[in-house]
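Line by line, the protein sequences are chains A and B. Here the working numbering is used: the first residue of the first sequence is 1, the next is one more, and so on. Here the working numbering is used: the first residue of the second sequence is 142, the next is one more, and so on. Think of the CB as a built atom: it goes at the ideal place given N, C-alpha and C, for glycine as much as any other residue. Everything numeric in this text was worked out from a predicted model, so none of it was measured. Each remark here refers to the structure printed beneath this line.
There are 2 protein chains.
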Amino acid sequence: MTDFDTLAGQWRAEGHKLTQPRRAILKTLLAAARPLSPAEILERGQTFYADLGLVTVYRTLEILEAMGLARPVHLADGCHGYALSTPGHTHHVVCDRCHAVVEIVGCALGDFLDSVAERTGYTITGHWLEISGLCPECQQK
Amino acid sequence: MTDFDTLAGQWRAEGHKLTQPRRAILKTLLAAARPLSPAEILERGQTFYADLGLVTVYRTLEILEAMGLARPVHLADGCHGYALSTPGHTHHVVCDRCHAVVEIVGCALGDFLDSVAERTGYTITGHWLEISGLCPECQQK
DNA sequence: CCCTAAATGAAAAGGCTTTTCAATAAGAGA
DNA sequence: TCTCTTATTGAAAAGCCTTTTCATTTAGGG
């Protein structure tokens, strides 16, 4: 995870303006322990900037996603959530109960993908992995 | 992949009626070489049963998913498609260009998931993997 | 401190999915 | 084979979520 200034720096480096609504959205995502839906981002973001609008949430997420700083998380129930992510290739483990999310930075799927390529004849260009489980806290309940 | 009679048998075994609209949907999915959106299933299904309605497509997919016979495939662009799948644990490889889909029946992620469990403290309950690539045919173009 | 292009929110438009409801059809039993 | 019961159906309406449009506002370079 990153801190606000680093994020803000990357944001500006791409030539985007750092407006109040966008600051609120970045702060919200930084404070989130699990993927948030656009509506949740709106609600929480309004504590940082009261006039924040849902349209801006969508537009900001779109930019963050294009920059690789946030990614959509497709939960099993079809909900879409967004979580900040380290640039580069990562996977997420999401808690079934509290939806806390942990990022897995290393990706050890290389051998597996090689065998898939061999078996299917496909050239593999990418993959998407999401893992669900119970976080240490929820295991105790 | 299964044949129609096997599918129909599993369908009936759960106490569902095998109506004309449902036959059309099953035939459509069996004939599909890639995940189809509900709208596509409707269109193709109407060649088998002209009065098929979109509502029935949604309802039938819901049942198939609950039975584990079909699964939603989340493509990178956010579209939802459905593909038949062998009951049990499978993954899909989807072609970036023509969306052809191949099912991977074996799952060799055990070791990887063990290391994730160890590193994060999570108890792993499930995972979702989708692989994208170029099918042999599209590689030649 | 200006000035300009980028960004904003409200409202409207657009899609996709689900619900409601009266009509229909499957298929078990006679 | 015929009947009868209940699951299933499609159309229409309702409900969401997401995107577009547009006049207004704002960031931040000059």
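Do residue j and residue i have their beta-carbon atoms positioned less than 8 Å apart in this structure?
i, j, result
"Leu84(A)", "Leu69(A)", "yes"
"Met67(A)", "Glu14(A)", "yes"
"Gly121(A)", "Pro277(B)", "yes"
"Leu270(B)", "His240(B)", "no"
"Thr264(B)", "Gln140(A)", "no"
"Leu113(A)", "Phe253(B)", "no"
Please list, in chain order, the chain B residues whose beta carbon lies closer than 7 Å to that of residue i.
i, result
"Gly126(A)", "Ser273"
"Thr123(A)", "Gly274, Leu275, Gln280"
"Val116(A)", "Val234, Ile245, Ile272"
DSSP has residue i in a bridge; who is on the other side?
i, result
"Ile104(A)", "His91(A)"
"His215(B)", "His221(B)"
"Ile272(B)", "His127(A), Val234(B)"
"Leu177(B)", "Tyr223(B)"
Take residue i and list the residues in its own chain whose beta-carbon comes closer than 6 Å to its own, dropping the five residues that flank it on each side.
i, result
"Ile272(B)", "Val234"
"Thr28(A)", "Ile41, Arg44, Gly45"
"Gly222(B)", "Pro176, Leu177, Ser178, Val214"
"Leu64(A)", "Ala70"
"Pro162(B)", "Tyr190, Leu193, Thr197"
"Leu167(B)", "Leu148"
Using a Cβ-Cβ cutoff of less than 8 Å, which residues in the same chain neighbour residue i once the five nearest sequence positions on both sides are dropped?
i, result
"Leu275(B)", "Cys236, Asp237, Arg238"
"Leu171(B)", "Met142, Thr143, Asp144, Phe145, Leu148, Leu225"
"Val257(B)", "Tyr263, Ile265"
"Val242(B)", "Ala174, Arg175, Pro176, Val214, Ala224, His233, Val234, Val235, Cys236"
Could you name the residues of the same chain whose beta carbon sits closer than 7 Å to that of residue i, not counting the 5 residues immediately before and after it, in chain order?
i, result
"Arg12(A)", "Leu18"
"His157(B)", "Ile204"
"Thr285(B)", "The question about residue 285(B) has no answer here: the residues shown for chain B are numbered 142 through 282."
Which residues in chain B sit within 8 Å of residue i, going by Cβ to Cβ distance?
i, result
"Leu74(A)", "The displayed chain sequence assigns His, not Leu, to residue 74(A). Result: His215, Trp269."
"Phe112(A)", "Ala249, Leu250, Phe253"
Which chain A residues are close to residue i, counting only those with a beta carbon under 7 Å from its beta carbon?
i, result
"Thr261(B)", "Val93, Val102"
Applying a beta-carbon distance threshold of less than 9 Å, which residues of chain A neighbour residue i?
i, result
"Asp237(B)", "Thr125, Gly126"
- What are the start and end residues of each continuous alpha helix (DSSP H) run of 4 or more residues lying completely inside the stretch 146-199 of chain B, in chain order? 161-172, 179-186
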